[in-house]
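Numbering (full-length UniProt numbering), first residue to last: 1 to 171.
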């Protein structure tokens, strides 16, 4: 049994607010529910990820463990854009090891780390084509970065994605 509590704030988060869930990206808190089972009451954030057509319920006691956070501040967004303009560090390790590192950076939820993945995996038109797994990680990083940027600035995602790629071209 669950009851919905709307327009309430818990641990600094409130309904209707955009948040970042590291392994899924930007979502919106649609409700705060209270569920009871086995004699315990559990408060849950109901988070909707519209692009992925997914709803997630996260216990309030687990938000720190899963790394859920508010959208990045303006200075962090600007730092991530500056990161894109830097030179990509070419790593000479095996792709499987680099792929694991990129995946860890993506799932960290840190906007600057995600920008580092975009920078490292970006390929200009004149450069050789990417492998599918490399391109997929690049697109995932670009998507997460654009979604957080667009949610924080109330802009369309496509505009945010174009700005990110433009910053990379200028780097």
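Positions of the beta carbon are idealized from the N, C-alpha and C atoms, including for glycine.
Review point. Mind checking whether residue 106 and residue 141 have CB atoms under 8 Å apart?
Key: Here residue 106 corresponds to residue number 106 of the chain shown, with the count starting at 1. Here residue 141 corresponds to residue number 141 of the chain shown, with the count starting at 1. Taking 8 Å as the Cβ cut-off, residue 106 and residue 141 qualify as a contacting pair.
Review point. Of the residues 161, 159, 162, 153, which one's Cα is nearest the Cα of residue 18?
Key: Position 18 of the chain shown, counting from 1, holds the residue named residue 18. Checking every option, the nearest Cα to that of residue 18 belongs to 153.
Check your understanding: What residues match up with residue 122 in a beta bridge as DSSP calls it?
Key -> As a first step, residue 122 is located in the chain shown; it is residue number 122 there, counting from the start. Residue 122 pairs with nothing; no bridge assigned.
Exercise for review: Name, in chain order, the residues that DSSP records as bridge partners for residue 54.
Suggested key: One-based indexing of the chain shown puts residue 54 at position 54. Answer by DSSP bridge pairing, in chain order: 49.
Check your understanding: When you compare only the Cα positions, how much space is there between residue 74 and residue 103?
Key -> Sequence index remark: in the chain shown, residue 74 carries index 74 (1-based). Sequence index remark: in the chain shown, residue 103 carries index 103 (1-based). Distance between the alpha carbons of residue 74 and residue 103 is about 25 Å.
Check your understanding: Between residue 43 and residue 32, is the Cβ-Cβ spacing less than 8 Å?
Key -> Your numbering for residue 43 matches position 43 in the chain shown. Your numbering for residue 32 matches position 32 in the chain shown. Yes.
Check your understanding: Between 144, 162, 161, 157, which lies nearest to residue 24 when the distance is taken from Cα to Cα?
Key -> The residue labelled residue 24 in the question sits at position 24 within the chain shown. The residue with the shortest Cα to Cα distance from residue 24 is 144.
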